[in-house]
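Adding 1 to a residue's 1-based position in the sequence shown gives its number in my numbering.
Virtual Cβ for every residue (Gly too), placed ideally from N, Cα, C.
Accompanying notes for the structure given below.
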Amino acid sequence: MNTARPVVLTTIASTRSALADREGVVLVPTMGALHAGHVALVERAKQLGSPVVVSIFVNPLQFGASEDLDRYPRTLDADLDLLAGLGVDFVFAPTVDEMYPTGPSQTHVTAGGVGSLYEGRSRPGHFDGVLTVVAKLLGIVRPRHILFGQKDAQQVFLVRRMVTDLNFDVAVHTVETVREDSGLALSSRNRFLDAKEKRAALGLSRALDAAASSADQGIDAVVAAAQSALMGESLVKLDYLKVVDPDTFLPVDDHFRGPALAIIAASVGSTRLIDNETIYVS
Ligand code: PAF
Numbered sequence: 002m003n004t005a006r007p008v009v010l011t012t013i014a015s016t017r018s019a020l021a022d023r024e025g026v027v028l029v030p031t032m033g034a035l036h037a038g039h040v041a042l043v044e045r046a047k048q049l050g051s052p053v054v055v056s057i058f059v060n061p062l063q064f065g066a067s068e069d070l071d072r073y074p075r076t077l078d079a080d081l082d083l084l085a086g087l088g089v090d091f092v093f094a095p096t097v098d099e100m101y102p103t104g105p106s107q108t109h110v111t112a113g114g115v116g117s118l119y120e121g122r123s124r125p126g127h128f129d130g131v132l133t134v135v136a137k138l139l140g141i142v143r144p145r146h147i148l149f150g151q152k153d154a155q156q157v158f159l160v161r162r163m164v165t166d167l168n169f170d171v172a173v174h175t176v177e178t179v180r181e182d183s184g185l186a187l188s189s190r191n192r193f194l195d196a197k198e199k200r201a202a203l204g205l206s207r208a209l210d211a212a213a214s215s216a217d218q219g220i221d222a223v224v225a226a227a228q229s230a231l232m233g234e235s236l237v238k239l240d241y242l243k244v245v246d247p248d249t250f251l252p253v254d255d256h257f258r259g260p261a262l263a264i265i266a267a268s269v270g271s272t273r274l275i276d277n278e279t280i281y282v283s
């Protein structure tokens, strides 16, 4: 088995020259601290074409002043070990100065109305930061395909809309959320959970399962079932639990029928977690 590590590129110029004249580039953007969810993205990326580029960049623009930018895990060596043997050709791992040489860019992408709901409401400016760095990565790597995990459903929705609105010539792909056997969605932030918090964090997937099981009883019942699944979880501080139309990402009303997305965010201890599940409202 080939266990060679990918070639690591740290500058925009070297990335451009390594990828010059390569067609069909596939990009997996990440902030590192890689786990099995990222491996699933890379495996799908390999099916789409080559070369496969994984970007590893903790993007300061998408963290608010009171958020966990400083404590966000940075594990480049372990990430490269994990990617060795997966057939990733390049890792683009720039510094903050390389990406933002004059500080936060004057020009940035705004995520619009949906960008200020749910995650965006609790994390003002978050999605502007995400879309701006994704737009920069598209300009640097110039991929034919780009992949995101479904766990960040609102992010995927907004990236798709940006790609349409700004006419980026790239195909956006989504890969299913990878979960532990317990149901906990994999996240780079799970490593901050102690054993008790990890047990409590299962409340999120339990709430989504309860929502799915009540989906034939109307939206109010769905929300009530999900909320009651969290009852007694004193370590879980629910931020939002909503059922949205996947086509608009706006909340559905009681007349809605068809596949909808139940989305949830909560703090468990000092760690913010999100999750979502498709439910079939009948
Ligand atoms: O999902 C993430 O890890 C980040 O939001 C992304 C897309 C890499 C942009 O920084």
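Query                                                                                                                                                                                    : Result
Give every residue of the same chain whose Cβ lies closer than 7 Å to the Cβ of Ser-215, excluding the five residues on either side of it in the sequence, and list them in chain order. : Ala-222, Val-223, Ala-226
Applying the 10 Å Cβ sphere with the 16-neighbour rule, what's the burial state of Asn-168?                                                                                              : exposed
Classify Val-171 as helix, strand or coil using the three-state DSSP reduction.                                                                                                          : coil
Taking the alpha helix (DSSP H) that Gly-140 belongs to, which residues open and close that run?                                                                                         : 127 to 142
Just list the residues that DSSP pairs Phe-149 with in beta bridges.                                                                                                                     : Thr-175
Do Val-89 and Val-131 have their CB atoms nearer than 8 Å?                                                                                                                               : no
Please indicate yes or no: does the CB of Pro-30 lie closer than 7 Å to some heavy atom of the ligand PAF?                                                                               : yes
Identify the residues that DSSP records as bridge partners of Asp-80: which are they?                                                                                                    : Per DSSP, none; premise fails for Asp-80.
List the whole-angstrom C-beta distance separating Val-142 from Gln-151, where the pair is believed to meet the contact cut-off of C-beta under 8 Å.                                     : Actually they are not in contact, since the Cβ atoms of Val-142 and Gln-151 sit about 22 Å apart, beyond 8 Å.
Over what stretch of residues does the beta strand (DSSP E) that includes Gly-233 continue unbroken?                                                                                     : Neither: Gly-233 is in no beta strand (DSSP E) and is coded neither H nor E.
Short of 7 Å in beta carbon distance, which residues of its chain neighbour Gly-219, apart from the five on each side in sequence? Order them along the chain.                           : Asp-255
Within 7 Å: the Cβ of Asp-276 and any heavy atom of the ligand PAF?                                                                                                                      : no
Going by C-alpha to C-alpha distance, which of Ala-19, Gly-113, Val-179 sits closest to Pro-7?                                                                                           : Ala-19
For Thr-111, tell me which candidate among Pro-125, Asp-129, Val-179, Pro-95 has the shortest Cα-Cα distance.                                                                            : Asp-129
Tell whether a beta-carbon distance below 8 Å holds between Leu-203 and Ser-183.                                                                                                         : yes
What's the gap between the Cα of Gly-140 and the Cα of Asp-170?                                                                                                                          : 10 Å
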